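Residue numbers (the working numbering): 30 to 485.
Don't be surprised by glycine CBs; every beta carbon is placed ideally from N, CA and C.
This one's a predicted model, so the numbers in the text were calculated from it and none came from an experiment.
Working notes, structure below.
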């Protein structure tokens, strides 16, 4: 079964999907006039300035809480184990291709969010519901095609949440705590299950409050650890960047089939980390209080920048500087842990272990909401409490079970989510462009008024 699932996973995540993911990002970047470069400073200001948070418009949570909920789901094992796997299998050049994926993925994430807010609806509980399943159904001209694609996405998303967003994460936490601190896996399972249950019972508002507090702390904790290594070893940094750029266009980058291994693993793990194009994050964006879809879309765009350009870079640079990626006995989180420990001793191992714990738990919280909304779409919101209860139970199962087969199955579901979503993004790119043009006019006027009031 494992061999069969691995073969299917390699097909799903093959060159066609990777080219489609990056190609969609490139197309949207050109159609939006390189929006991610022009508007990134303004987007960061919208995301983190309290004065910019919309409190009066329709929605369940603030811009910032929607951002941190999406970041909670994406800043996970991919930032630690995923980056290490990319470097181990694809060489240092894979880091460069992760950056490229992120640059164009910002345009994709922007488009996902703008459509999610534009086509969101109110569910039977009075909360906002949105995401690919809704903009596929209500946005596409062919209602039959839109409904079919929406249902497919919701099925893949609700199933993937149990694997990539639940059991895989709790298993990573239990393994890390058992190896580093000798804590039995069942103890970790019980604690994670109780904590997840307490957060999830409160719904999106509870999730938003927890992630708004939790995500910045966990991200800063890990990034500061990486920055300490970089500043204490500044003499190694230029060579590390040189190795990354050189390897990106030679050796592994050009070998290994249709796409070189550096490109293939860099793109695949980059998408695994920031989820741009998979269609998960716009589900959280749809819950935000915002007056214009474009405003929340800019905020959502910053998530890719923070996740991959900042957090993943800490892992990638440290691994390349440590020069341990050629050790065939090391892979995933072990490679990251050894690399950090090489520079910081036992403290490095603790940073990676605790980072893995925080990142994985946050992913469980974020993906629970994604899975819940996908399942709600399929059942008209009638069985959401049951879905939550089962989801919490599987947190414990994941913590105490070996998950090779589950990981492969979840990986397949995760990849399949992207196909209907990317089709929707390409077919609705005209809507994205028109909504962007509308909002940028408003933003320009707001900026003019701010400038005028500052003079007065």
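Skipping 5 residues on each side, what residues in its chain have a beta carbon closer than 6 Å to that of residue i?
{"i": "residue 401", "result": "413, 416"}
{"i": "residue 99", "result": "310, 313, 332"}
{"i": "residue 212", "result": "206"}
{"i": "residue 209", "result": "382"}
{"i": "residue 269", "result": "346, 349, 350"}
{"i": "residue 403", "result": "183, 186, 187"}
{"i": "residue 387", "result": "247"}
{"i": "residue 410", "result": "152, 153"}
{"i": "residue 25", "result": "Outside the shown range of the chain (30 to 485) lies residue 25, about which nothing can therefore be said."}
{"i": "residue 73", "result": "331"}
Near residue i, which residues of its chain fall below 8 Å by C-beta distance, leaving aside the five closest residues on each side in sequence?
{"i": "residue 525", "result": "The first residue shown for the chain is 30 and the last is 485, placing residue 525 beyond what the model contains."}
{"i": "residue 253", "result": "none"}
{"i": "residue 337", "result": "127, 128, 130, 131, 134, 299, 302, 303"}
{"i": "residue 56", "result": "455, 458"}
{"i": "residue 256", "result": "343"}
{"i": "residue 219", "result": "425"}
For the putative contact between residue i and residue j, defined by C-beta atoms under 8 Å, what is the C-beta separation to the nearest angstrom?
{"i": "residue 197", "j": "residue 427", "result": "7 Å"}
{"i": "residue 236", "j": "residue 122", "result": "The pair is not a contact, with the Cβ atoms about 37 Å apart (cut-off 8 Å)."}
{"i": "residue 117", "j": "residue 364", "result": "6 Å"}
{"i": "residue 90", "j": "residue 234", "result": "6 Å"}
{"i": "residue 317", "j": "residue 95", "result": "4 Å"}
{"i": "residue 251", "j": "residue 343", "result": "7 Å"}
{"i": "residue 201", "j": "residue 385", "result": "6 Å"}
{"i": "residue 462", "j": "residue 69", "result": "19 Å between Cβ atoms; not a contact."}
{"i": "residue 424", "j": "residue 199", "result": "5 Å"}
{"i": "residue 225", "j": "residue 421", "result": "6 Å"}
{"i": "residue 54", "j": "residue 305", "result": "7 Å"}
{"i": "residue 75", "j": "residue 328", "result": "5 Å"}
{"i": "residue 380", "j": "residue 244", "result": "That pair is no contact at about 17 Å."}
{"i": "residue 405", "j": "residue 158", "result": "7 Å"}
For the alpha helix (DSSP H) containing residue i, name the first residue and the last one.
{"i": "residue 154", "result": "No alpha helix (DSSP H) holds residue 154; DSSP gives it neither H nor E."}
{"i": "residue 131", "result": "122 to 147"}
{"i": "residue 215", "result": "214 to 229"}
{"i": "residue 273", "result": "266 to 277"}
{"i": "residue 74", "result": "69 to 77"}
{"i": "residue 115", "result": "112 to 119"}
{"i": "residue 354", "result": "Careful: residue 354 lies outside any alpha helix (DSSP H) and carries neither H nor E."}
{"i": "residue 372", "result": "361 to 373"}
{"i": "residue 196", "result": "That residue, residue 196, is in no alpha helix (DSSP H); it is neither H nor E in DSSP."}
{"i": "residue 38", "result": "31 to 41"}
{"i": "residue 45", "result": "44 to 60"}
{"i": "residue 160", "result": "No alpha helix (DSSP H) contains residue 160, which DSSP labels as neither H nor E."}
Please go through the same chain and pick out, in chain order, the residues whose beta-carbon is closer than 7 Å to the beta-carbon of residue i, but skip the five residues on each side of it.
{"i": "residue 160", "result": "145, 308, 311, 312, 315, 402"}
{"i": "residue 495", "result": "An answer regarding residue 495 cannot be provided, because it is not within the stretch 30 to 485 covered by the chain."}
{"i": "residue 47", "result": "288, 293, 296, 297"}
{"i": "residue 49", "result": "451"}
{"i": "residue 528", "result": "Residue 528 lies beyond the range of the chain shown here (30 to 485); nothing can be said about it."}
{"i": "residue 189", "result": "439, 442, 443, 446"}
{"i": "residue 265", "result": "350"}
{"i": "residue 166", "result": "175, 176, 179"}
{"i": "residue 228", "result": "235, 236, 239, 394"}
Are there any heavy atoms of the ligand COA lying less than 7 Å away from the beta-carbon of residue i, as far as the coordinates show?
{"i": "residue 321", "result": "The ligand COA is not part of the structure shown, which contains no ligands of any sort."}
With three or more beta-carbon pairs closer than 8 Å as the criterion, would you say the segment 317 to 325 touches the segment 130 to 146?
The segment 317 to 325 makes contact with the segment 130 to 146, as at least three CB pairs between them are under 8 Å.
Pairs of beta-carbons, one from the segment 370 to 389 and one from the segment 128 to 140, closer than 8 Å: are there three or more?
no
Across the segment 145 to 159 and the segment 343 to 354, are there enough close Cβ pairs to call them in contact, namely three or more that are closer than 8 Å?
no
Quick test of the definition: if touching needs 3 or more C-beta pairs under 8 Å, does the segment 381 to 399 touch the segment 186 to 202?
Yes: at least three Cβ pairs fall under 8 Å.
Quick check on the DSSP output: what are the complete alpha helix (DSSP H) runs of length 4 or more inside the segment 377 to 431, in order along the chain?
413 to 428
Every unbroken beta strand (DSSP E) inside the segment 290 to 344 [3 residues or more]
none
Whole runs of the beta strand (DSSP E) within the segment 441 to 480, excluding any shorter than 3 residues:
none
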